[in-house]
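**Q**
2 protein chains.
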Amino acid sequence: MGSTLGRRLPVMADVAKEAGVSHQTVSRVLNDHPNVRSETRTRVLEAIDKLGYRRNLVARALVTRHSRTLGVVSFDTTLYGPASTVYGIEQAARAAGYFVSIVSLKSIDRAGVRDALDYLADQGVDGIVVVAPQRSAAQALADLPLGVPTVAVEGGEAGEVPVVCVDQFTGGRLATEHLLSLGHETVWHVRGPSDWLEAEGRVAGWRAALERAGREVPRPLAGDWSPRSGYEAGRSLASMKNVTAVFVANDQMALGVLRAFTEQGVRVPERVSVVGFDDIPESEFFSPPLTTIRQDFDAVGRHSIEVLVRLLEGGTEERERLVVPPTFVPRLSTARV
Amino acid sequence: MGSTLGRRLPVMADVAKEAGVSHQTVSRVLNDHPNVRSETRTRVLEAIDKLGYRRNLVARALVTRHSRTLGVVSFDTTLYGPASTVYGIEQAARAAGYFVSIVSLKSIDRAGVRDALDYLADQGVDGIVVVAPQRSAAQALADLPLGVPTVAVEGGEAGEVPVVCVDQFTGGRLATEHLLSLGHETVWHVRGPSDWLEAEGRVAGWRAALERAGREVPRPLAGDWSPRSGYEAGRSLASMKNVTAVFVANDQMALGVLRAFTEQGVRVPERVSVVGFDDIPESEFFSPPLTTIRQDFDAVGRHSIEVLVRLLEGGTEERERLVVPPTFVPRLSTARV
DNA sequence: CTCAGGGTTGTTAGCGTTAACAAAGAAGTG
DNA sequence: CACTTCTTTGTTAACGCTAACAACCCTGAG
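As you go down the protein sequences, you meet chains F and V in turn.
Each residue of the first sequence is one higher than the one before, starting from 1 at the first, in my numbering.
Each residue of the second sequence is one higher than the one before, starting from 338 at the first, in my numbering.
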C-alpha cells in the first residue's frame, strides 16, 4: 500500500515551515525544553498534528548516542521460567520508555553468549539483561569486557555485573524443612542439571536443612528439568521402600515423578510426599495438587530492569545483588507420615 | 568501566586512515561491493581488525532507511503457545539477519494493538508480525492503515494482511473423529473463550465432525484456557451420567478436567475419554498421558518470518494465507467404549 | 597512437535529528 | 538611561554512514 504514493513522511523541517519557526524550535518542543513561549509551543504542536509528523528515532539515536533500546539474552524462552522473566522484563522496560530486543539462545556456551552480546552491542542497545541461569553463561559474562551496562538475572556469584535472582538456597531449605516438619525421617531429592546455578542452590538448601536436622543425606537423583527425566527418577524412587518424601527441583519434573508413582501404585501423599519448585500455573491441578515453592519470575524481571535503568540513568556502579525471596505454597501432595 | 577512558570507538574514517584509503572504500568492503581490488580489501580488513572497528548500524539505518529490525506484537508471552511462536519467530528472524523487538500485551483491544504498532513503527522496524489470536486483535489489524509490511499469525480471516496459522478446524475435526471412531455415541466439548479465533475454529471442527456422523451436538462448556476453568467444566461433566467422551480445547484445561474427574472418581479412559489440544511438553505425563492434537508453533513462527521477509525483499504483495496442519497424538486418555 | 569502456578509488552531499553557539528582544538594576 | 541578565529563537555544525557522481588508471580495438 502506498508504494506509488510518492509523498514522503514529514520531517522536522516540514513542521517548522508549517509552524513558521525553525526546526530547532520544533525539536525543543518535542524535548520539553523549558524556554519556549507557550504560544509558539501550541503552534508547533498544531503543525505536528496537522502533518501527522512522527519523530525519527533512528536519527535521534545517531546524534544522542542513545537508542532507548535494551537487549535481552535468554536461554530457551519456551520454558515457563525464562518466558515469565522475559515477560516481566519487557513490561518493565516499556513502562520505563525503553524498547526491548531479544535474543533467545538454543544452547548457552561461552561463544553463544559472546555472540549474542556482540550482536546486541552492534545494534546499539543502551543496556543488556542476560538471563544466565547456567554457570557457563554466568562465567562467559564475567569474562566479557563489554562496553554496555549489563545486569545478570539468576547469574549466581559472578562478580562483575549486578545480579538479580531468587534465593534458591532458601527455597530448597523451605521445601525440605516442610517435609521434615511432617515427620519424615529424611528427604530425597531429584535435582536439576549440574551446570545450572539454580539447581546447585536448591541442592545446597536441601542438604543444609537435612544436615541441620541431623538427618541422613541421600544421594540426589539427576534430572534435566524435563518431565521425562522426572518420570525416570520417579520410577527409581518408586522401587525403593524407604522413600517417604521427595523434593523435586522443579514442577515439570515433579509431574513426571507423580506420573511414575501413579503407574507404580505409589500413592501421593499417603505413602510418599512430594514437593516441587516454581509453581507453574498447572501445578495446582496435578493429581494431587502439588505443594511447591513459588518463584516470582515477574518480579525478577521487573527488578532487573530497575537496576539496569538506574545504572543507565544514575550511572552509579553499585555492584548490586538483589535477591527475591521464594514463597512456600502448601497443597495436597504432602502429608504427615 | 571505561568511563574515563576517553578513547571513543573507531569509526569508518579511522579505518580509512589506517588502511590509507577513503572511507567510501571501507564502506564498499563492508558491503561486499564487487569493484574493490582484493589487495585493497585485505588491507581494509586488516585495519578493521586492528582497530576493532564495528560498523554503526544506527547511522547505516538512517541513510538506508532500513533498520533490519522486525517487530513482534504478542499477547501474554507467558503462555506456551505464544511463547513457542515468538521463539520460532526470533530464531528465524535472526537467521535471516534481522533483529527482533518485542511488545507483549496484557490485553488485546484495538487501542492496545494500535499503540503497539505505532510504538514499533516509531522505532523504525522494517516489518511486523502480530500474533493475533483474538478476533478483536485481528480486526484491529484489518482496520489499521499501517505503513509497515505486516504479517498476522493466527489472524483468522482478516483480509488485509498475509496470515500464517494452524488449521484449527481440522484439529477439532481430528479430535472428534478419533473419539467417534472409538465407538462413543457423541463427544462433549470444553471450548476456549469466544473472542478467540482458535477457539471458534476448534468448535467448528468438532461440530462438523459430529454433524457429518449424524450425532447429537451437545452444548459446549465455556472455558478461558486456564486449568481452573477446565476443572470447573470437569466438575459439571463428572456429574452427567451420559458423558463418555470430551474434547477439551487446550491441554491446560484438559489437565483441569482430568483433575476434576479424578476427584469425582470418574476414571479416564475407562469411563470417559479425553482429548486435548496443543501438545504442551507436560501433557505426555498427565495422569493418564493425554491424547491430544499437536500444533507446531515453532513452524508457525518460522513461516511467518519467511512470508514477512519475502514481503520485504521481494515486495510482491501476495495476499497469502499459509496454513500449518495439526497432527494427532494418541496417548492413554482415550479408549473404546 | 588515440579513444572508448570498464574497473577502481575518491569527493561531495545528504539521511533527520540534537548540540553548541549566536543573536535579538524583554526585563531588571544601579 | 545605560548595562547586565534572562528568555526566546535561529544558524551552523556535527553524528557515522551510504549514494551519486567524478576522476583516474588500465586495457584493447581501430
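Beta carbons are placed, not taken as given, at the ideal position from N, Cα and C, and that holds for glycine.
Check whether the segment 199-217 of chain F touches the segment 162-174 of chain F, taking contact to mean three or more Cβ pairs, one atom from each stretch, closer than 8 Å.
**A** Taking a cut-off of 8 Å for Cβ pairs, the segment 199-217 of chain F and the segment 162-174 of chain F touch, as three or more such pairs fall below it.
**Q** Considering Cα atoms alone, identify which of Asp-386/V, Phe-436/V, His-370/V is closest to Val-395/V.
**A** Of Asp-386/V, Phe-436/V, His-370/V, the residue nearest in Cα terms is Phe-436/V.
**Q** Got a sec: is the Cβ-Cβ distance from Gly-234/F to anything in chain V below 7 Å?
**A** no
**Q** For the alpha helix (DSSP H) that Leu-574/V lies in, which residues bound it at each end?
**A** 564-575
**Q** So, with DSSP's three-state summary, where would you put Gly-205/F?
**A** helix
**Q** How is Ala-92/F classed by DSSP in three states: helix, strand or coil?
**A** helix
**Q** Using a Cβ-Cβ cutoff of 8 Å, what residues of the segment 61-94 of chain F are near chain V? List them in chain order.
**A** Ala-61, Leu-62, Ser-67, Thr-69, Asp-76, Thr-77, Thr-78, Tyr-80, Ala-83, Ser-84, Val-86, Tyr-87, Glu-90, Gln-91, Arg-94
**Q** Name the chain F residues that come within less than 8 Å of Ala-489/V, Cβ to Cβ?
**A** Residues of chain F with a Cβ closer than 8 Å to the Cβ of Ala-489/V do not exist, since the nearest Cβ in that chain sits about 15 Å away.
**Q** In the segment 590-606 of chain V, which residues sit with their C-beta less than 8 Å from some C-beta in chain F, listed in chain order?
**A** Cβ contacts with chain F: Leu-592, Gly-593, Leu-595, Arg-596, Thr-599.
**Q** What is the C-beta distance between Leu-534/V and Pro-470/V, in whole angstroms, given that I count them as a contact (C-beta under 8 Å)?
**A** Taking a contact as a CB-CB distance under 8 Å, the pair Leu-534/V and Pro-470/V counts as one, their CB atoms being some 6 Å apart.
**Q** With Ala-245/F as the anchor, note down where its beta strand (DSSP E) starts and where it stops.
**A** 245-248
**Q** Closest Cβ-Cβ distance between Leu-725/V and chain F: below 7 Å?
**A** Since the first residue of chain V shown is 338 and the last is 674, residue 725/V is not available in this structure.
**Q** Spatial neighbours of Thr-664/V within its chain, please: C-beta separation below 6 Å, excluding the five flanking residues on both sides.
**A** Around Thr-664/V: Arg-631.
**Q** Is Leu-416/V helix, strand or coil when you go by DSSP?
**A** coil
**Q** List, in chain order, every chain F residue whose beta-carbon is nearer than 7 Å to that of Ile-439/V.
**A** Glu-90, Val-100, Ile-102, listed in chain order.
**Q** Do Pro-289/F and Arg-331/F count as a contact pair if the criterion is CB distance below 7 Å?
**A** It is a contact, given that the beta carbons lie within the stated cut-off.
**Q** Would you report the Cα separation of Leu-279/V and Trp-525/V, rounded to the nearest angstrom?
**A** Lying before the first or after the last residue shown, residue 279/V is absent from chain V, which here runs from 338 to 674.
**Q** Should Thr-487/V be listed as close to the ligand FAD, given that the test is whether its C-beta is under 6 Å from any heavy atom?
**A** Absence of the ligand FAD is noted for the structure shown, with no ligands found whatsoever.
**Q** Around the C-beta of Asn-368/V, are 16 or more other C-beta atoms found within 10 angstroms, so that it is buried, or is it exposed?
**A** exposed
**Q** Do you know whose CA, among Ser-136/F, Thr-85/F, His-184/F, Gln-91/F, lies nearest Ala-111/F's CA?
**A** Ser-136/F
**Q** Taking 8 Å as the cut-off, does the segment 47-56 of chain F touch the segment 77-91 of chain F (at least 3 CB pairs, one atom from each stretch)?
**A** no
**Q** Tell me which residues share the same chain as Ala-260/F and place their Cβ nearer than 7 Å to its Cβ, disregarding the 5 neighbours each side in the sequence.
**A** Closer than 7 Å at the Cβ level, and outside the excluded window around Ala-260/F, lie Tyr-231, Gly-234, Arg-235, Ala-238.
**Q** Do three or more CB pairs link the segment 291-311 of chain F to the segment 343-363 of chain V at distances below 8 Å?
**A** no
**Q** At what residues does the alpha helix (DSSP H) containing Phe-598/V begin and finish?
**A** 588-601
**Q** If you measure beta-carbon to beta-carbon, which residues of the segment 215-233 of chain F are closer than 9 Å to chain V?
**A** So the list reads Ser-226, Pro-227, Arg-228, Gly-230, Tyr-231, given in the order they occur along the chain.
**Q** Among Glu-282/F, Asp-195/F, Val-324/F, Ile-305/F, whose alpha-carbon lies nearest the alpha-carbon of Asp-109/F?
**A** Asp-195/F
**Q** For a quick check, are the C-beta atoms of Gly-529/V and Ala-586/V less than 7 Å apart?
**A** yes
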